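Number of protein chains: 2
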Amino acid sequence: MFPLLLFQWFLFLSILLTSATALLNIPRLSPIGPRFLEDPAEVLSEKTSDDLQTFFYNQTLDHFNYKPESYNTFEQRFVISSKHWGGANSNAPILVYFGAEASLDSDLAAVGFLSDNAFRFNALLLYIEHRYYGKSIPFGSRDEALKNGSTRGYFNSAQAIADYAEIIIHVKKSFRAENSPVIVVGGSYGGMLASWFRLKYPHIALGALASSAPVLYFDDITPQDGYYSIVSKDFREASETCYKTIQKSWAEIDEIASKPNGLSILSKKFKTCKPLADSDELKDYLDSMYSGAAQYNKPPTYPVNRVCSGVDGDSGNDTLTKIFAGVFAYRGNRSCYINAPTNVSETKLGWRWQTCSEMVIPIGRGNETMFPPDPFDLNTYVQDCKNSYGVSPRPHWVTTYYGGHSIKLILQRFGSNIIFSNGLKDPYSSGGVLENLSETITAVYTVNGSHCLDILVANKTTDPVWLVAQREVEIKTIEGWINKYYDDLRNQQ
Amino acid sequence: MFPLLLFQWFLFLSILLTSATALLNIPRLSPIGPRFLEDPAEVLSEKTSDDLQTFFYNQTLDHFNYKPESYNTFEQRFVISSKHWGGANSNAPILVYFGAEASLDSDLAAVGFLSDNAFRFNALLLYIEHRYYGKSIPFGSRDEALKNGSTRGYFNSAQAIADYAEIIIHVKKSFRAENSPVIVVGGSYGGMLASWFRLKYPHIALGALASSAPVLYFDDITPQDGYYSIVSKDFREASETCYKTIQKSWAEIDEIASKPNGLSILSKKFKTCKPLADSDELKDYLDSMYSGAAQYNKPPTYPVNRVCSGVDGDSGNDTLTKIFAGVFAYRGNRSCYINAPTNVSETKLGWRWQTCSEMVIPIGRGNETMFPPDPFDLNTYVQDCKNSYGVSPRPHWVTTYYGGHSIKLILQRFGSNIIFSNGLKDPYSSGGVLENLSETITAVYTVNGSHCLDILVANKTTDPVWLVAQREVEIKTIEGWINKYYDDLRNQQ
Numbered sequence: 014m015f016p017l018l019l020f021q022w023f024l025f026l027s028i029l030l031t032s033a034t035a036l037l038n039i040p041r042l043s044p045i046g047p048r049f050l051e052d053p054a055e056v057l058s059e060k061t062s063d064d065l066q067t068f069f070y071n072q073t074l075d076h077f078n079y080k081p082e083s084y085n086t087f088e089q090r091f092v093i094s095s096k097h098w099g100g101a102n103s104n105a106p107i108l109v110y111f112g113a114e115a116s117l118d119s120d121l122a123a124v125g126f127l128s129d130n131a132f133r134f135n136a137l138l139l140y141i142e143h144r145y146y147g148k149s150i151p152f153g154s155r156d157e158a159l160k161n162g163s164t165r166g167y168f169n170s171a172q173a174i175a176d177y178a179e180i181i182i183h184v185k186k187s188f189r190a191e192n193s194p195v196i197v198v199g200g201s202y203g204g205m206l207a208s209w210f211r212l213k214y215p216h217i218a219l220g221a222l223a224s225s226a227p228v229l230y231f232d233d234i235t236p237q238d239g240y241y242s243i244v245s246k247d248f249r250e251a252s253e254t255c256y257k258t259i260q261k262s263w264a265e266i267d268e269i270a271s272k273p274n275g276l277s278i279l280s281k282k283f284k285t286c287k288p289l290a291d292s293d294e295l296k297d298y299l300d301s302m303y304s305g306a307a308q309y310n311k312p313p314t315y316p317v318n319r320v321c322s323g324v325d326g327d328s329g330n331d332t333l334t335k336i337f338a339g340v341f342a343y344r345g346n347r348s349c350y351i352n353a354p355t356n357v358s359e360t361k362l363g364w365r366w367q368t369c370s371e372m373v374i375p376i377g378r379g380n381e382t383m384f385p386p387d388p389f390d391l392n393t394y395v396q397d398c399k400n401s402y403g404v405s406p407r408p409h410w411v412t413t414y415y416g417g418h419s420i421k422l423i424l425q426r427f428g429s430n431i432i433f434s435n436g437l438k439d440p441y442s443s444g445g446v447l448e449n450l451s452e453t454i455t456a457v458y459t460v461n462g463s464h465c466l467d468i469l470v471a472n473k474t475t476d477p478v479w480l481v482a483q484r485e486v487e488i489k490t491i492e493g494w495i496n497k498y499y500d501d502l503r504n505q506q
Numbered sequence: 014m015f016p017l018l019l020f021q022w023f024l025f026l027s028i029l030l031t032s033a034t035a036l037l038n039i040p041r042l043s044p045i046g047p048r049f050l051e052d053p054a055e056v057l058s059e060k061t062s063d064d065l066q067t068f069f070y071n072q073t074l075d076h077f078n079y080k081p082e083s084y085n086t087f088e089q090r091f092v093i094s095s096k097h098w099g100g101a102n103s104n105a106p107i108l109v110y111f112g113a114e115a116s117l118d119s120d121l122a123a124v125g126f127l128s129d130n131a132f133r134f135n136a137l138l139l140y141i142e143h144r145y146y147g148k149s150i151p152f153g154s155r156d157e158a159l160k161n162g163s164t165r166g167y168f169n170s171a172q173a174i175a176d177y178a179e180i181i182i183h184v185k186k187s188f189r190a191e192n193s194p195v196i197v198v199g200g201s202y203g204g205m206l207a208s209w210f211r212l213k214y215p216h217i218a219l220g221a222l223a224s225s226a227p228v229l230y231f232d233d234i235t236p237q238d239g240y241y242s243i244v245s246k247d248f249r250e251a252s253e254t255c256y257k258t259i260q261k262s263w264a265e266i267d268e269i270a271s272k273p274n275g276l277s278i279l280s281k282k283f284k285t286c287k288p289l290a291d292s293d294e295l296k297d298y299l300d301s302m303y304s305g306a307a308q309y310n311k312p313p314t315y316p317v318n319r320v321c322s323g324v325d326g327d328s329g330n331d332t333l334t335k336i337f338a339g340v341f342a343y344r345g346n347r348s349c350y351i352n353a354p355t356n357v358s359e360t361k362l363g364w365r366w367q368t369c370s371e372m373v374i375p376i377g378r379g380n381e382t383m384f385p386p387d388p389f390d391l392n393t394y395v396q397d398c399k400n401s402y403g404v405s406p407r408p409h410w411v412t413t414y415y416g417g418h419s420i421k422l423i424l425q426r427f428g429s430n431i432i433f434s435n436g437l438k439d440p441y442s443s444g445g446v447l448e449n450l451s452e453t454i455t456a457v458y459t460v461n462g463s464h465c466l467d468i469l470v471a472n473k474t475t476d477p478v479w480l481v482a483q484r485e486v487e488i489k490t491i492e493g494w495i496n497k498y499y500d501d502l503r504n505q506q
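Heads up: the sequence lines are chains A and B, in that order.
Using the numbering used here, read the first sequence as starting at 14 and increasing by one per residue.
Using the numbering used here, read the second sequence as starting at 14 and increasing by one per residue.
Below you can see the structure in the form of structure tokens.
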């Protein structure tokens, strides 16, 4: 890259990161938590199968336009495992994982639903990376792709699922598997894509498993404080004292911060890597930590318990000492905490654009949580996005294109073969589908489950009974779809 | 317009019209026939209701992109009649007509399904014009809009039905009719849009009446000679001698044309307005006349019979004299025939682009028709389109985005509330859905019906019993959808 371009890029990033602080706090929406939130033991148990083959598909840049530049293409990555496939002659199924707002690499290691069930289904496995992430970047490089409005414009969900349609058709042709049923699987944003794909492309996917997909967290369908209400509930259920300590900590942080020298007191108390520039830096960090712990509150260690064991374990009277004990319990022994320099991940960069254009998820903090109230304000949000990207979000487009309002009224007599799975400890479950919409569009949830837990790699020794049972319901349901399809196929031939 | 631009425009048109002769012969796909094919009495019976109100919606240019220029807007026309509407309080239905490849004006006069049934349904009527037609033109003018690849690119069906989604939501909001069920109605290309809309936007339309929609005339789903087979069958059923005369006429035209002075002999025989430039001019005209007569073979006059009464009525032995007698019978007494100067209609201009980008309908002539064989050749087609427009068609996109292959296998367990109506005399019925796909996705056809006949203005004195019966089945079916919806609505409240 030329130095000047590099400079412009950094300038753009800096403007983005400083002007859009309100946007920094959108809870992440990925199947897997940030590394530092994860249990090291869990991370070690992840495995990438060695029978995966990587391919690249020459993907159309714009499926919905016929301008000359719409015909530009980019290399889109997909990964296949045919180890357990029963073959085209037996119309053996194809399980497809929809990449979301991350490189496919991380998902290949963490998502287990496909590899864990390949043998049982005799399935061909296909993993597809989402455009603008990982190695599936248009315009030659990520810098070019995200540089300006002209290159970012193609970065949206409708284009992404059209990509998936093309690649699935391509793979079915390559394997002469035209009659093989396709089941699409995704988690979080990828779960939304999976359910929307079944609705928009029923001729390509027979069914969808949408794990922890907050398809109802748009417009005003779900109360804005749904997310933080559940974070708070998780902490309260883990420990009432922990919850109360966190609840009163915000005012104490503000109080100390308002004193002369207050920020340096806080910096010392929390062993920050750099002196705190303002108290928001600390509060945002804690907010993210609590939210992440709740969202990815996985067995066997349950991060919420870990935080609370720290908070409750300190025998003193000082609230902020307790809070820091929570940070310490959670992150372990380190030289410093809170504001360690980190790179802005591609997920953060990409998802920020997506939430500022199409995926406007109105998350606010109401009065009934352990957080200071901070309602979602659409006008501010739109203005922040405009400042960052030059264009306005389209906050009603998701419900216009995909629906969501009165979902049961609509889908009880339309569509079929979607599982909406959730864990009720996951704050995003507040925007999920938690009741059966019809006989074949069903909700499967667990009271103690966390974000996308069901589609992560199974662990025979540590997975609780209720998780094993949830997965079994999902697999049985999918088997039912496939068997019905085979009956239909035989009957028409 | 500046003279230079005007010149460029004519230059573009001339290149288009000369380079794309192969494209000129795609049979039209509109609810109503070309003026000269219509029964004058029928035309007189058309009426435009005086309670129609016209509005314009500020429509997004590109729904699937977030470039700054995607946010440009244009004024899209829609027309409303609330004369018979039962009102929002009673959740009275909304019947929506989807404009197709023509100005809305012509449809408002000819399409009767909405106005004829407004009273019975207590329905609000909404007619929406298709982008790039009539008064719904982006970029300020038709010339600008169709000028080059950059402006034409937004002219496609996915954008068009997204427009319809936005306008229906807008109208429902304006009338506070959020709970009113919406039934979308369209004919021909508009019928495809209606059925696709129900599949893609079930949260906006409760059901669709897709009249004469050849949704299966894509890829290789329908045999390429389906269209001309039915044209031939229509003529053969009307008169075996007429059919045979037409069948042998092509060779005679070629034979005469190959003689010195042959073209001037033909020009005289057919009283052409200008001397024929080649025999294709004559053959294309006759092809269009036969196809149009078959497609729009409406009661009470049945144009195919009219042509054949001419062909068969001439008592001589000369084949081409008989053929001219057919032309004369069909068009009436005129000063000249065949190649009278006509303007290139906006429908022809617009539809040619649509068929050269997205709506690739492979119609060829096989060996078993009354026409000379002329198989559809995709390579030639693609090359012609490239020459005309600079970009390649995407011949598989319609089946990728909307489906079509194995339609019964797919839709027997997915979706609901679509009527595919057809008349089997209509050559496009060969690409239509002619069997029930499920209990609620049904086919309603008449043996003697023609293109879009069921949605044209009803005529109490001349409509045959079978047509009245077809419409009654459609109306009863739609009433059934609406009643079930009201039950569901009550049950959820």
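Quick reminder that beta carbons are idealized off the backbone N, C-alpha and C, glycines included.
Bear in mind that the values here come from a model prediction, so they are computed numbers and not experimental data.
For N169/B, the residues of chain A that pass the 8 Å Cβ criterion are F77, N78 and Y79, in the order they occur in the chain. Scanning its chain for C-beta atoms nearer than 8 Å, with the 5 sequence neighbours on each side dropped, one finds around N169/A the residues Q367, S370 and E371, in chain order. Note on geometry: alpha-carbon atoms of D397/A and Y415/B lie some 37 Å from one another.
Taking the Cα of R407/A as reference, the smallest distance to any Cα among I351/B, C255/B and T73/B is reached at T73/B. Residue state for L469/B is assigned as strand, using DSSP reduced to three classes. Under the DSSP assignment, T67/A falls in the beta strand (DSSP E) whose first and last residues are Q66 to T73.
Under DSSP, G436/B takes part in a beta bridge, and its partners are T459/B.
Taking the beta carbon of V404/B as reference, the chain A residues within 7 Å of it are Y79, P81 and Y84, listed in sequence order.
Collapsing the DSSP output to three states places I181/B in a helix.
Spanning the alpha carbons of S358/B and L206/B requires a straight line of approximately 22 Å.
Listed along chain A, no residue sits closer than 9 Å to I431/B by beta-carbon distance, the nearest being about 11 Å off. Nearest neighbour of L121/A by Cα position, chosen from G100/A, R90/A and I150/A, turns out to be R90/A. The beta carbon of L422/B sits closer than 8 Å to some beta carbon of chain A.
Counting only unbroken stretches of 4 or more residues, the alpha helix (DSSP H) elements lying wholly within the segment 288–373 of chain B are 292–308, 316–326, 332–344 and 359–370, in sequence order. When secondary structure is reduced to three states using DSSP, V486/A falls in the helix class. Within chain B, Y79, K80 and P81 have C-beta atoms less than 8 Å from the C-beta of G162/A, given in sequence order. Here the alpha carbon of Q260/B sits roughly 33 Å from the alpha carbon of N400/B. Distance check between A307/B and each of I278/B, E250/B, E268/B and H76/B places E250/B closest, using alpha-carbon atoms only. Here DSSP, grouped into helix, strand and coil, assigns F231/B to coil. If you look at G203/B, you'll find it in the alpha helix (DSSP H) that goes Y202 to K213. About 16 Å separates the CB atoms of P312/A and D129/A; that is not less than 8 Å, and the two are not in contact. Pairing Y230/B with I374/B gives a Cβ-Cβ distance under 8 Å.
Neighbours of D501/B in chain A, taken as residues at a C-beta separation under 9 Å, are given in chain order as K421, L422, Q425 and R426. When secondary structure is reduced to three states using DSSP, V404/B falls in the coil class, being assigned neither helix nor strand.
Beta-bridge annotation (DSSP): Y110/A is paired with Y140/A and V198/A. Between A173/A and R144/A, the C-beta gap is smaller than 8 Å, which places the two residues in contact.
In the structure shown, R426/B adopts coil according to DSSP, grouped into three states. Residues of the segment 213–226 of chain A with a C-beta less than 7 Å from any C-beta of chain B: K213, P215 and H216, listed in chain order.
Residue nearest to N192/B within the set E88/B, N430/B and G99/B is G99/B (criterion: CA-CA distance). Taking the CA atoms as reference points, Y79/A sits about 17 Å from T412/B. Ranking S94/A, G203/A and V197/A by CA distance to the CA of S116/A puts G203/A first.
For Q260/B, the enclosing alpha helix (DSSP H) starts and ends at E253 to S271. By alpha-carbon distance to G428/B, the top candidate from R165/A, C255/A, D267/A and P215/A is P215/A. Between A178/B and F433/B, the C-beta gap is not smaller than 8 Å, which leaves the two residues out of contact. For the segment 364–398 of chain B, residues whose beta-carbon sits nearer than 8 Å to a beta-carbon of chain A comprise S370 and E371. It is roughly 27 Å from the alpha-carbon of T360/A to the alpha-carbon of N461/A.
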